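Have a look at the structure below before the remarks.
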Amino acid sequence: MSLSLPVRLVARAPAPRSLLGARILVVGREPCRRLFSSTPAARLTQPQKDIVKATVPILETGGEALTTHFYHLLLNNHPEVKPLFNQAHQGSGRQPRALAASILAYAKNIDDLTPLLDAVRRITNKHAALQILPEHYPLVGASLLGAIRDVLGEEVATEEVLEAWGAAYGELADLLIKKEENIYHDLESARGGWRGGRKFTVAQKVPETGIMTSFYLEPVDGRPILRHDAGQYIGLRAIVNGVEQRRNYSLSDSANDKYLRISVKREPGGAFSNYLHDRVKIGDELEVYPPVGEFVLDKSRADDPLILISAGAGITPTIPMLQSALEAGRRQITFIHCARAEDVHAFRPITTELAKQNPDTVKVYTVYETKDPHHVADATGMLSLDKLKSWLPHASQADIYFLGPKPFMKGVNFYLKSMGGPEDRIHYEFFGPAEELEDNKEVPEKSAKA
Ligand SMILES: Cc1cc2nc3c(=O)[nH]c(=O)nc-3n(C[C@H](O)[C@H](O)[C@H](O)COP(=O)(O)OP(=O)(O)OC[C@H]3O[C@@H](n4cnc5c(N)ncnc54)[C@H](O)[C@@H]3O)c2cc1C
Ligand code: HEM
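Residues 1 to 450 (full-length UniProt numbering) are what the sequence shown spells out, left to right.
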């Protein structure tokens, strides 16, 4: 095939119109399944890579429409995978956006995937936390090719284009499957580790605030528990109102031999969090997938200042990070937390106590969004650049971890960069599919909104 063909195809196909217009066809899916299932053995060729790269302009303008249609096909044709996905992330478009971004990045970097290694780590950890298995990949592959064909139309999505994408998907799937198997293997072989679901009993249920409750989970089998890294999260599986659901929760206490602790904010209208708050009682059993995650303290920098910044429920992984950094015992730690008000400020007794016990190393600052009648907070309103500058004179030498709602994270990211916070030392995580923090929209001016 001539290398110029895909470029001509792209030029002939004004992306948004052909992606979203009337040419969208619902076609039989068997040919796509056949194309996909014929590819794993075949290696991706250079001409196929060129075809994939030539689709980047289409994906850039219409990638999200493609993945939205892809999810529609996947969930309709394979309802058995529906419980793996959080339906709220589909409804809000976050998951289709995250998948679109990853496919685009893959197509752009298909000659050398090195720039994608961090994203691959994030995706494989998230997949492992939800128990994505090799047998799920062909279902996704067939739906992806079906969506490419439906959305682009047969004239653009020729057999060659579909073959190229089938081969490319096969390579990426192989890579993810191998990495995920490594994660499952390591989790299973570690002391106290396991593979798949393990039953834990709810040993304690402790309200942290009016909207956040901690659950202490002890293994039913009484065997040891894998020692997680501070910042990692687990997967939970449960039948909620007759429907299977899976969710991730950060571990909010440091590793110990007895229990795992999660701290769950009640989400208005949320399926799993309300189930945990209202229905799950002490003595009930929950199915737990082992701890994973790459939002963890970088142990190689244990002497450098550490900055932990959170808002709302984002405080959960920063508590074990604070505890674990203190155990290592050498670094200056600044802990900043933003809450709507004092009555929804979780873990205040713990952070206040740790600051009191370690006056030379730990500084804790609090920002409340609304009026602070008891004068507990160090600032009221939003976290501002001025406050960050005065609290973090050492930002350019520190390791920084932050987490909270997206507007807050955008603001914090923007300020930290403007204060000289080094790119490779600024770490963050989302309580959902990863999103873009630097898309030039809604650039914060003076404050980070929680
Ligand atoms: C790595 C990670 C760590 C996490 N750690 C924590 C933690 O420590 N503590 C914590 O509290 N949470 C944490 N979360 C978030 C947690 O996984 C859940 O997302 C959260 O508890 C809400 O789940 P839910 O089932 O209650 O709400 P969902 O049912 O998922 O609903 C969420 C919101 O979306 C709305 N919604 C539901 N369905 C739709 C739809 N179809 N379309 C549009 N909107 C819809 C709901 O009304 C609700 O407002 C973490 C998430 C991740 C990924
Ligand atoms: C090459 C194939 C795949 C790619 C590129 C891919 C990519 C992604 C990305 C980018 C995310 C978001 C990660 C984040 O949180 O930041 C994600 C999450 C997820 N993926 Fe995949 N994925 C692939 C295959 C699969 C398969 C085979 C399944 C199972 C059917 C699957 C199920 C999920 C689920 C359930 C989530 C979490 C969704 C949520 O939070 O609602 N993925 N994937």
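Note that the Cβ used here is the ideal one computed from N, Cα and C, for glycine as well. All values derive from a computational prediction rather than experimental measurement.
- The beta carbon of Glu-208 sits no closer than 6 Å to any heavy atom of ligand 1.
- Beta-bridge partners assigned by DSSP to Ala-339: Tyr-368.
- Relative to the non-hydrogen atoms of ligand 2, the Cβ of Lys-49 never comes closer than 6 Å to any of them.
- The region 151-170 and the region 43-56 touch, with no fewer than 3 CB-CB distances between them shorter than 8 Å.
- Taking Asp-304 as the centre and dropping the five residues before and after it, the same chain places the C-beta of Arg-331, Gln-397, Ala-398 and Asp-399 closer than 7 Å to its C-beta, in chain order.
- The nearest non-hydrogen atom of ligand 2 is 6 Å or more from the C-beta of Ile-177.
- Met-212 is bridged by DSSP to Lys-265.
- Per the DSSP secondary-structure output, Arg-198 pairs in a beta bridge with Val-288.
- Relative to the non-hydrogen atoms of ligand 2, the Cβ of Tyr-249 never comes closer than 6 Å to any of them.
- According to DSSP, residue pairing for Leu-236 in a beta bridge involves Arg-247 and Val-288.
- For Ile-400, the uninterrupted beta strand (DSSP E) segment begins and ends at 399-403.
- Ile-262 and Arg-237 have their C-alpha atoms spaced approximately 14 Å apart.
- Looking at the DSSP output, Val-52 shares a beta bridge with no other residue.
- In this structure, the C-beta of Gln-232 stays at least 6 Å away from each heavy atom of ligand 1.
- One thing to note: Tyr-415 has its Cβ no nearer than 7 Å to the Cβ of Leu-308.
- Straight across, the Cα-Cα distance linking Ser-254 with Glu-294 is about 16 Å.
- Annotation for Phe-70 indicates a beta carbon at 6 Å or more from all heavy atoms of ligand 2.
- Ligand 2 approaches Ser-102 closely enough that one of its heavy atoms is under 6 Å from the residue's Cβ.
- Asp-186 and Pro-320 have their C-alpha atoms roughly 22 Å apart.
- Look at Arg-330: its beta carbon is at least 6 Å from all of the heavy atoms in ligand 2.
- Leaving aside the five residues that flank Leu-66 on each side, the residues in its chain whose CB is nearer than 6 Å to its CB run, in chain order, Ala-147 and Val-151.
- By the CB criterion at 7 Å, His-127 and Glu-180 fall inside the cutoff.
- Judged by their CB atoms, Ser-310 and Gly-404 are nearer to each other than the 7 Å cut-off.
- For His-427, the enclosing beta strand (DSSP E) covers residues 426-428.
- Within the model, the alpha-carbon separation for Tyr-275 versus Asn-77 is close to 28 Å.
- Ligand 1 never approaches Asn-241 closely enough for any of its heavy atoms to be under 6 Å from the residue's Cβ.
- Between Val-202 and the set Ala-54, Leu-217 and Arg-340, the nearest pair of CA atoms involves Leu-217.
- DSSP places Ala-311 in the uninterrupted beta strand (DSSP E) bounded by 306-311.
- The count of Cβ pairs closer than 8 Å, one atom from the region 323-340 and one from the region 378-391, reaches three, so the stretches are in contact.
- The alpha-carbon of Pro-349 is positioned some 20 Å away from that of Arg-266.
- Look at Ala-190: its beta carbon is at least 6 Å from all of the heavy atoms in ligand 1.
- Within the same chain, Cβ atoms closer than 7 Å to the Cβ of Ala-302 are found at Ala-328, Arg-330 and Arg-331, the five residues on either side in sequence being excluded.
- Judged by beta-carbon spacing, Val-376 lies within the 7 Å limit of Glu-342, meaning their Cβ atoms are closer than that value.
- At a threshold of 6 Å, Asn-86 counts as near ligand 2, since its beta carbon sits closer than that to one of the ligand's heavy atoms.
- Between Pro-291 and Ile-333, the CB-CB gap reaches or exceeds 7 Å.
- Here Gly-170 is buried: its Cβ has 16 or more other Cβ atoms, across all protein chains shown, within 10 Å.
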